[in-house]
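Worksheet for the structure shown next.
Protein chains: 2
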Amino acid sequence: MYLEKINSPSDIKNYSLDEMKELAKEMRTALLKKLSVHGGHCGPNFGMVEATIALHYVFNSPVDKFVFDVSHQTYPHKMLTGRAYGFLDENRYDDITGYSCPEESEHDFFTVGHTSTSVSLACGLAKARDLKGGKENIIAIIGDGSLSGGEALEGLDVAAELDSNFIIVVNDNDMSIAENHGGMYKNLKLLRDTDGKAECNFFKSMGLDYVFVKDGNDLTSLINAFESVKDTDKPVVVHMVTQKGKGFALAEKNKEDWHWCMPFDIKTGKPKFNFDGEDYSSVTRDYLLDKMKMDKNVIAITSATPAVFGFDEETRKLAGKQFVDVGIAEETAVALASGIAAGGGKPVYPVYSTFLQRTFDQLSQDLCINNNAATLVVFAASVYGMNDVTHLGIYDIPMMSNIPNLVYLSPTTKEEYLAMLDWSVDQNEHPVAIRIPCCEFISNSEKITKDFGKLNKYEIKQQGSDVAFIGLGTFYPLAERAAKLYEQKTGVKATVINPYYITGVDDELLNSLKSNHKTVVTLEDGILDGGFGEKIASFYGDSDVKVLNFGLKKEFLDRYNPADILKENHLTEEQIVDDVLALN
Amino acid sequence: MYLEKINSPSDIKNYSLDEMKELAKEMRTALLKKLSVHGGHCGPNFGMVEATIALHYVFNSPVDKFVFDVSHQTYPHKMLTGRAYGFLDENRYDDITGYSCPEESEHDFFTVGHTSTSVSLACGLAKARDLKGGKENIIAIIGDGSLSGGEALEGLDVAAELDSNFIIVVNDNDMSIAENHGGMYKNLKLLRDTDGKAECNFFKSMGLDYVFVKDGNDLTSLINAFESVKDTDKPVVVHMVTQKGKGFALAEKNKEDWHWCMPFDIKTGKPKFNFDGEDYSSVTRDYLLDKMKMDKNVIAITSATPAVFGFDEETRKLAGKQFVDVGIAEETAVALASGIAAGGGKPVYPVYSTFLQRTFDQLSQDLCINNNAATLVVFAASVYGMNDVTHLGIYDIPMMSNIPNLVYLSPTTKEEYLAMLDWSVDQNEHPVAIRIPCCEFISNSEKITKDFGKLNKYEIKQQGSDVAFIGLGTFYPLAERAAKLYEQKTGVKATVINPYYITGVDDELLNSLKSNHKTVVTLEDGILDGGFGEKIASFYGDSDVKVLNFGLKKEFLDRYNPADILKENHLTEEQIVDDVLALN
Numbered sequence: 226m227y228l229e230k231i232n233s234p235s236d237i238k239n240y241s242l243d244e245m246k247e248l249a250k251e252m253r254t255a256l257l258k259k260l261s262v263h264g265g266h267c268g269p270n271f272g273m274v275e276a277t278i279a280l281h282y283v284f285n286s287p288v289d290k291f292v293f294d295v296s297h298q299t300y301p302h303k304m305l306t307g308r309a310y311g312f313l314d315e316n317r318y319d320d321i322t323g324y325s326c327p328e329e330s331e332h333d334f335f336t337v338g339h340t341s342t343s344v345s346l347a348c349g350l351a352k353a354r355d356l357k358g359g360k361e362n363i364i365a366i367i368g369d370g371s372l373s374g375g376e377a378l379e380g381l382d383v384a385a386e387l388d389s390n391f392i393i394v395v396n397d398n399d400m401s402i403a404e405n406h407g408g409m410y411k412n413l414k415l416l417r418d419t420d421g422k423a424e425c426n427f428f429k430s431m432g433l434d435y436v437f438v439k440d441g442n443d444l445t446s447l448i449n450a451f452e453s454v455k456d457t458d459k460p461v462v463v464h465m466v467t468q469k470g471k472g473f474a475l476a477e478k479n480k481e482d483w484h485w486c487m488p489f490d491i492k493t494g495k496p497k498f499n500f501d502g503e504d505y506s507s508v509t510r511d512y513l514l515d516k517m518k519m520d521k522n523v524i525a526i527t528s529a530t531p532a533v534f535g536f537d538e539e540t541r542k543l544a545g546k547q548f549v550d551v552g553i554a555e556e557t558a559v560a561l562a563s564g565i566a567a568g569g570g571k572p573v574y575p576v577y578s579t580f581l582q583r584t585f586d587q588l589s590q591d592l593c594i595n596n597n598a599a600t601l602v603v604f605a606a607s608v609y610g611m612n613d614v615t616h617l618g619i620y621d622i623p624m625m626s627n628i629p630n631l632v633y634l635s636p637t638t639k640e641e642y643l644a645m646l647d648w649s650v651d652q653n654e655h656p657v658a659i660r661i662p663c664c665e666f667i668s669n670s671e672k673i674t675k676d677f678g679k680l681n682k683y684e685i686k687q688q689g690s691d692v693a694f695i696g697l698g699t700f701y702p703l704a705e706r707a708a709k710l711y712e713q714k715t716g717v718k719a720t721v722i723n724p725y726y727i728t729g730v731d732d733e734l735l736n737s738l739k740s741n742h743k744t745v746v747t748l749e750d751g752i753l754d755g756g757f758g759e760k761i762a763s764f765y766g767d768s769d770v771k772v773l774n775f776g777l778k779k780e781f782l783d784r785y786n787p788a789d790i791l792k793e794n795h796l797t798e799e800q801i802v803d804d805v806l807a808l809n
Numbered sequence: 226m227y228l229e230k231i232n233s234p235s236d237i238k239n240y241s242l243d244e245m246k247e248l249a250k251e252m253r254t255a256l257l258k259k260l261s262v263h264g265g266h267c268g269p270n271f272g273m274v275e276a277t278i279a280l281h282y283v284f285n286s287p288v289d290k291f292v293f294d295v296s297h298q299t300y301p302h303k304m305l306t307g308r309a310y311g312f313l314d315e316n317r318y319d320d321i322t323g324y325s326c327p328e329e330s331e332h333d334f335f336t337v338g339h340t341s342t343s344v345s346l347a348c349g350l351a352k353a354r355d356l357k358g359g360k361e362n363i364i365a366i367i368g369d370g371s372l373s374g375g376e377a378l379e380g381l382d383v384a385a386e387l388d389s390n391f392i393i394v395v396n397d398n399d400m401s402i403a404e405n406h407g408g409m410y411k412n413l414k415l416l417r418d419t420d421g422k423a424e425c426n427f428f429k430s431m432g433l434d435y436v437f438v439k440d441g442n443d444l445t446s447l448i449n450a451f452e453s454v455k456d457t458d459k460p461v462v463v464h465m466v467t468q469k470g471k472g473f474a475l476a477e478k479n480k481e482d483w484h485w486c487m488p489f490d491i492k493t494g495k496p497k498f499n500f501d502g503e504d505y506s507s508v509t510r511d512y513l514l515d516k517m518k519m520d521k522n523v524i525a526i527t528s529a530t531p532a533v534f535g536f537d538e539e540t541r542k543l544a545g546k547q548f549v550d551v552g553i554a555e556e557t558a559v560a561l562a563s564g565i566a567a568g569g570g571k572p573v574y575p576v577y578s579t580f581l582q583r584t585f586d587q588l589s590q591d592l593c594i595n596n597n598a599a600t601l602v603v604f605a606a607s608v609y610g611m612n613d614v615t616h617l618g619i620y621d622i623p624m625m626s627n628i629p630n631l632v633y634l635s636p637t638t639k640e641e642y643l644a645m646l647d648w649s650v651d652q653n654e655h656p657v658a659i660r661i662p663c664c665e666f667i668s669n670s671e672k673i674t675k676d677f678g679k680l681n682k683y684e685i686k687q688q689g690s691d692v693a694f695i696g697l698g699t700f701y702p703l704a705e706r707a708a709k710l711y712e713q714k715t716g717v718k719a720t721v722i723n724p725y726y727i728t729g730v731d732d733e734l735l736n737s738l739k740s741n742h743k744t745v746v747t748l749e750d751g752i753l754d755g756g757f758g759e760k761i762a763s764f765y766g767d768s769d770v771k772v773l774n775f776g777l778k779k780e781f782l783d784r785y786n787p788a789d790i791l792k793e794n795h796l797t798e799e800q801i802v803d804d805v806l807a808l809n
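Heads up: the protein sequence lines correspond to chains L and G, in order.
If you're matching positions, the first sequence starts at 226 in our numbering and goes up one per residue.
If you're matching positions, the second sequence starts at 226 in our numbering and goes up one per residue.
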């Protein structure tokens, strides 16, 4: 056993080629075992085993500095930098994050989880080194899929002007999460097909030097290539071709499905937990496929994450021209949606909350100033969404709801969602975003007759007095539960309100509450700062109505248990009712 | 006279070459006259005269659709699409905007003012056309300077996958606002030097077809090139070399200074209004140059707008390696700042509020999750900033102040600003942004001893009772004036508070106000939604203290007079005091 003895990269400096090959085997065995038990990013890590060994063999981390893009290929790096325990010891699987993490190791320089950032971040390290007169190697590692993101492309262009050492390792496995999309991928193919010799070379056209590695899973080639660029005095790209999923037959064969995996049975590859019921992905997919058939102007857009709304290979074929994957290019996805709407099409762009952050200016300028009727469907925008610090869905309300012209809707049930979606797709007055509920999937067969075009009309679902609970989206059931508990404790029936609209205040309804309510309680599934509740507090600022805003504290959370966080933020019905009662 | 007779592009369809040349002369005369009286974007428009004539001669607008990037080269287009009056009639100069504008003309499809968006937006029009089975030409026009922006690069990559007509006209005048920065510009130079024949071709490497026009100010070449790509069935780039400022000698010679101009004397080129006093640009420049001398780790970053903080050609040379212009690449600017701070450097990135919008995800992920001590200096963040709808500086408080870890500071004087800047540059605990005051430049020689590292400590500048006025940044003097007026009207001395911190609430101070204040008034120079005042309202939600939030309504404003907008939003001291008095 080699792996278990490795405490730092210096431990592999004297390995022979055979020892490194043996180490690679052990690393794959550990990867497979952990992924089968724990789940995680699969294909990219299997492909990067040899390259990671070669990088650590040739360079001198942490003096030489590696910056990994998106972190989906950092597991082998973690294994070689004192964190092998996180892959060998089942009890310690959760001791390390799935992302590069400076708190874990001096070999990591940034917490990274979004794509396309490594080149620009590493450029910063290089600039700092140059100011100090240092000579260490700075190495950015980026996958081919991530290259299409705006920040990565900007970064390549800026990196080329560095007048000093800078190495960009492009891990080309010919895949994004799904297949790549974009014109540059034809050039990557040309380079692969010509062993990097084609004259027309994307990287060279960006002003960068270029080295090609035909087999990025061959240790000797990799070591030679890295030795050749080590201590370079100018920016250079090492374009290496790796096999996604290398060494794990199932992942080699079905690259898209095995980009990321849930725990699975090692023999069959079948996931241990199966879900085939209805959820907001399947509901969105089914709605869109139906609607597309009826209306050729409806078009679904994805930025490299079609699975978000259940569009697998087969569904994508069915949709044909009415589906477009722009690759990892969220900015363009929003601009494209705006352009399609301006041209009379009906675009729907389903996307994770955390990745919408990459499009703030496109939302504001390209979409909302132009007031084009595109529809965005926002997934995992919740404390119940992804819980890694880089993938939180609790910031979209302040980010989006304060952009003029945008109508941001918050359904609480499947029926409300579909009614909103259908309204949004067919209207041509407003840019609309819909915040998918998380946690429970509630379907109650209620027929929705509300006209969502009459903006900012909240709805009283239970008329009461003294206290009104306004429950936004995912937290609407919490409002109902709190009202029930309040009634049990006080005998007074409280008012319960479904506001539907995140982006506006229903003056009339809120004013009407003043006559027989002392307290208005708001509940929102996101941070309080800049959010929904503060607007209500401001509205009642000049009145005698007391307002209690419940939501999350403004902070970066990491790998949390939602129940703990809810409790910390007084978001159980007991705490809420206690806080209301404490007011009097 | 030709120009005055042109009501639509169809009017030039039968022009002879000589007539078009005469028209070009007239257009330049009108441009020069208007710019000398009115100011505006200069160099880019002079360079685009012939290309615009040729585009309208060859294509059939508005059936064929032009999408201009950033709009700084749309004046000739406006002249030929029924808006010549806006350049010929001095009384109507203000009837048209400086940007493409669908409300003005059916020949404009988007309101555009930020760079790098045209390709992605036009892609949307192309997709919509393809869904409908249309055949019209879609033409995106983009300058070489704008190409380096992430959205533009994403857009080129996505455009290449269109299986239908799409034309990208690259207006290469070898300049951004200042000189270009980025590796790709070496390739553009290579293409210019080889008449477009170099094998290594950035556009081809992006998967696009390519046509080169050596003289982009020669009508015959342009007409031939556009005819050759008209009705193409695949995406193609027309790379034309134009001369920035063509036909206006001063602008031909000094391209950076004449990118944009204030009103000037036609004979001498001297600006009609001269300002050479101290302002926040000069103060920032002087501080940075001094600090750089003392500390080699200090580095200033710009994203193609060095003039924002007074860095002209000479100053940039002085700063040497301690200055970096990333070109139009705001995302990378923020990531770079984070990386430099992570590497022990001290980066300062001065930037307009409106362009910081392009970096939301980089602020959140690259900078704030990593909690790196970079300094951002935010200019024109105010109702007194730029007043075009695409350049407003009234949205940065909700956008930025709700990002965890960021410390967003709001000075009210030169002395406070410099104290904050100096603290921020030298500390290594927090990412910091500083919101430059607008309107008045206040310097009072006050010695600032406050420790800005003790976060969220507001300061009572005048102790009073009953009413407390909290005036943020630019609006602090308004708070003072309102307090004075309140005292005149009631005889009661009010409390006046300078909060300094936009990103946090001073619980202790706010609680202390409860004992002898009935009302707290907040004043902020930005939209209220998601802003500073709402946090104060939420804080006092459970108390008897009334809160009145004053600021701007959430809306897109365009070409307004600040005084009007302030009045509409009850932001005069008289209105504020009246509203306070009306409470009781």
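C-beta: ideal position from N, C-alpha, C; glycine also.
If you look at G:ASN774, you'll find it in the beta strand (DSSP E) that goes 771 to 777. Distance between L:GLY380 and L:TYR318, taken at the CA atoms: about 34 Å. Assigned with DSSP and collapsed to three states, G:MET465 falls in strand.
The segment 376 to 392 of chain G makes no contact with the segment 567 to 575 of chain G: fewer than 3 CB pairs, one atom from each, lie closer than 8 Å. If you compare the alpha carbons of L:LEU796, L:LYS739 and L:LEU257 with that of L:GLY494, the shortest gap goes to L:LEU257. Taken in chain order, the unbroken stretches of alpha helix (DSSP H) that lie wholly in the segment 706 to 785 of chain G and span 4 residues or more are 732 to 738 and 757 to 764. L:ASP355 places its beta carbon less than 8 Å from that of L:SER389. Annotated as distal: L:PHE781 and G:ILE695, with beta-carbon spacing of 8 Å or more. Taking a beta-carbon distance threshold of 8 Å, L:GLU733 does not count as an interface residue toward chain G. Using a Cβ-Cβ cut-off of 8 Å, G:GLN468 does not count as an interface residue toward chain L, since no Cβ of chain L sits closer than that to its own. Per DSSP, the unbroken alpha helix (DSSP H) holding G:VAL344 starts and ends at 343 to 357. At a cut-off of 8 Å between C-beta atoms, L:ARG354 counts as an interface residue with respect to chain G. Looking from the CA of G:LEU260, the closest CA among G:TRP483, G:MET625, G:ASP397 and G:ASN809 belongs to G:TRP483. Taking C-beta atoms as the reference points, G:THR637 and G:TYR711 fail to come closer than 8 Å. Within the DSSP secondary-structure output, L:ASP420 pairs in no beta bridge. In the structure shown, G:ARG510 falls within a helical segment according to DSSP collapsed to helix, strand and coil. Nearest CB-CB separation between L:GLY407 and chain G: below the 8 Å threshold.
Fully contained in the segment 301 to 338 of chain L are the following alpha helix (DSSP H) runs of length 4 or more, in chain order: 310 to 313.
For L:LYS714, same chain residues with a beta-carbon under 8 Å away, outside a window of 5 residues either side, are VAL802 and LEU806 in chain order. Going by beta carbons, G:GLY766 and L:LEU773 fall inside the 8 Å limit. Contact between L:LEU447 and L:VAL438 is confirmed by a C-beta separation of about 6 Å, below the 8 Å threshold. Beta-bridge pairing by DSSP links L:GLY432 to no other residue. L:SER690 places its beta carbon less than 8 Å from that of L:VAL717. 8 Å or more divides the Cβ of L:ILE659 from the Cβ of L:VAL730. Excluding sequence positions up to five before and after G:ASP804, its CB lies within less than 7 Å of the CB of LEU773 and HIS795, all in the same chain and listed in chain order. Counting the other CB atoms within 10 Å of its CB gives L:GLN688 a total below 16, which places it among the exposed residues.
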